[in-house]
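Numbering (my numbering), first residue to last: 254 to 471. Where a beta carbon is used, it is the ideal one built from N, C-alpha and C, also for glycine. One structure is given below, encoded as structure tokens.
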């Protein structure tokens, strides 16, 4: 570093004519100038083809590792789900947990639709309203009997026996009294009680999810 007087500056205190040795004042000014200089911009890294390729390879490997981890953990998650459901069943039994899902849904439709039709009739609804309620009830009964009347899996199932007894009594009543006849209060209450018991014996709808659906929260 040369003293400022070598550049024509007015310098006081330099050692003789030695231009290579700055005086204290010049040195302080040089240090101050260095401190006040703006910072240099950060170096930009330019990736060539080989570096970019290596980064892509590492990213692909990380993604592959994530997929392998998911596939590896899936059986463990299903196993945990199975045991959690088993423990829940042991602590709080779910009625009808082993019944076929489609049967449960069909039986529940019968219970709901027939109960609503009888309730409407018992409460004195108009004939139009009763017929409007009776339509879904007839459809649900027809579908239920068409699919499960001779199903051997259900011959000893309590909900099936209760629903079957209700449908038998209703059929005999209409055969004897005609399709427009109203149920007497005692028979109407008996039908509602048996349908209610059958409904209590069916598992709730949220218990019908299969393990994969339950795991995914669908």
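Nearest-angstrom Cβ-Cβ length linking residue 396 and residue 359, presumed shorter than 8 Å: 6 Å
Start and end residues, alpha helix (DSSP H) containing residue 446: 438-453
Close Cβ partners of residue 373 (< 8 Å) along its chain, the five nearest in sequence each way excluded: In chain order, 382, 383, 386 place their CB closer than 8 Å to the CB of residue 373, counting only its own chain and leaving out the 5 sequence neighbours on each side.
Beta-carbon proximity check, residue 455 vs residue 410, cutoff 8 Å: It is not a contact, given that the beta carbons lie outside the stated cut-off.
Exposure of residue 407, with buried meaning 16 or more beta-carbon neighbours within 10 Å: Buried, since its Cβ has 16 or more Cβ neighbours within 10 Å.
Buried or exposed by the 16-neighbour rule on C-beta atoms within 10 Å, applied to residue 415: buried
Rounded C-alpha distance that separates residue 404 from residue 398: 10 Å
Assigned exposure category for residue 413 - 16 Cβ within 10 Å defines buried: buried
Cα-Cα separation between residue 449 and residue 355, rounded to whole angstroms: 19 Å
Where residue 389 sits in the DSSP three-state scheme: Three-state result, residue 389: helix.
Under the three-state DSSP convention, the category residue 384 falls into: In the structure shown, residue 384 sits in a helix (DSSP, three-state: H, G or I).
C-alpha distance - residue 362 paired with residue 393, whole-angstrom precision: 6 Å
Residue environment, residue 401, which counts as buried when at least 16 other CB atoms sit within 10 Å: buried
Start and end residues, alpha helix (DSSP H) containing residue 415: 411-430
Assigned secondary structure, residue 234 (DSSP; H/G/I helix, E/B strand, else coil): With the chain covering 254 to 471 only, the question about residue 234 has no answer from this structure.
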